[in-house]
Amino acid sequence: MRICTSLAIAVIMVSGGTVAGAQTLPAYMAPISGKTAATPSDVATRNMLALNTGMFELYGDAAKVFQKNILSRHPVILGLFSGAGGRMILYRPGMAPIDAPQVPIVYQLLKSVGHSTMALAQVVGPYIDNADDKSWRSSMLAYRSRMQSALDGLDATPMEPDWRDNNRTILQNNIAFMDECVARGVIPFAALEAFGKKQAPYLAKNVAWAAQTQVAHWMTVLAEWKKQLGADWDKTYAASNTIYVARQNNVLFSVLAQFFGPDAINNRLLLIETISFTTTPADMLESLTRIIADRSVGALFFGNYHLMDYELMGGDARAAIIAETGKRGMTPFLPPVVPFGSKQWPTLVTPGPGPATIADLK
């Protein structure tokens, strides 16, 4: 069947051309037949572009071998974002991967209550000061039922007493605000603003406790893994994923950095940006493999092991931007030149005025 299809396509492509002994095509072929035309330049261009397309297939095939080689010689730690406080996996040569224990459930409880308050802003946000639109009421009432259930069961949750009291206050304030909105039939901005200010100090406590729980857990896990690996720690790779909003002060990467040290940053310890909060371990291993493999390519062709960690055309593009802005009477606006292999923290690092933590906002 595949051969016949190929022959039919060939007939269609040459129809109308000068092929010796070519049969006149039947009428039912007319809608899809016709003489094709391609200039030598078109053909040459396609043939050259096909080199780049084919490169990705070759990269994919080679990456499978490279990944196997890397994992057979180096321990690898993946730090993956999750709503449960993260996931860490340890890969050791010749051994089954180890999935670390989960962050204590209280982390998720603190986060859930905090998010419930912020969710209310999303429920009412589109309807501020709009007395004519009551379409928010059904969502509000449904969420209020969930909120009440959470409050009713709060005392049975695994949480320290003072943490529980703080969360009780948050949930009670949430319910009071929802009841007020339903009774009024409208959400004035002044009421929403007052609600936000009222909840802020309680939410800040939940954020701090959740962070303490998460960090203490992962520090304990990594300390144990480092002890297990012994001398192999110095050849261990680690990578953490991040979406833009979690890039600055990334928790998992920051904890990993405490054990890997400054010299490992951007060398054996990598922060890999993604377009979603969650990334699969397979995707992370693929990214890590590509980074390590490309480094060898950079060393082979240009004599620098970390050159391929950067946009290859970035340096020349920088010179081109300076030249082009000059032609247009513009002043170039560019970041400082950073050497290949920089150990700089892979986030915003330039200090300046203004608040930088929740505590600074007080």
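Its first residue numbered -14, the sequence shown is counted upward by one per residue in our numbering. Idealized CB from N, CA, C, for every residue including glycine. Please read all numbers here as calculations on a predicted model, not as lab measurements.
DSSP state of residue i mapped onto helix, strand, coil
i	result
Ala229	The sequence shown places Tyr at residue 229, rather than the Ala named in the question. Helix at Tyr229.
Gly339	coil
Glu296	coil
Ile260	coil
Leu177	helix
Leu319	coil
Ser(-9)	Confidence is the limiting factor: at Ser(-9) the pLDDT is only 46, short of 50, which leaves the residue's position unreliable and the question unanswerable from this model.
Cys166	helix
Ile113	strand
Ile172	strand
His100	helix
Ser239	helix
His291	coil
Leu105	helix
Ile90	coil
Phe325	coil
Gly45	helix
Leu136	helix
Pro16	helix
Per DSSP, the bridge partner or partners of residue i
i	result
Tyr76	Val61
Tyr222	Val61
Asp84	Ile74
Ile362	In the structure as shown, the chain begins at -14 and stops at 347. Residue 362 is therefore absent and cannot be evaluated.
Residue of the options minimising C-alpha distance to residue i
i	options	result
Phe244	Ser272, Trp121, Val206	Val206
Val282	Ser26, Thr24, Phe51, Thr9	Phe51
Pro143	Arg122, Pro321, Asn159, Thr198	Thr198
Gly326	Lys312, Ile250, Asp268	Ile250
Pro78	Gly68, Ile306, Ile55	Ile55
Gly246	Ala267, Trp218, Gln233, Glu271	Trp218
Thr263	Gly45, Pro60, Gly71	Gly71
Ile172	Leu105, Asp84, Pro60, Lys96	Leu105
Ala216	Asn289, Arg58, Arg275	Arg58
Ala47	Arg275, Lys347, Leu34	Arg275
Gly138	Arg153, Ala127, Trp148, Ser124	Arg153
Rounded distance between the beta-carbons of residue j and residue i, thought under 8 Å
i	j	result
Ile160	Met132	5 Å
Asn191	Val98	6 Å
Arg129	Met163	5 Å
Gly170	Ala127	About 17 Å; that fails the 8 Å criterion.
Ser225	Leu241	6 Å
Open item on the list: For the structure I just gave you, are there three or more beta carbon pairs, one from the stretch 224 to 234 and one from the stretch 175 to 189, closer than 8 Å?
Closed with: no
- [ ] Assess, as a yes-or-no matter, whether the stretch 191 to 204 is touched by the stretch 87 to 101 under the definition of 3 or more beta carbon pairs within less than 8 Å.
- [x] yes
Task: Stretch pair the stretch 291 to 303 + the stretch 60 to 77: three plus CB contacts closer than 8 Å - done: no
Open item on the list: Taking 8 Å as the cut-off, does the stretch 299 to 310 touch the stretch 250 to 270 (at least 3 CB pairs, one atom from each stretch)?
Closed with: no
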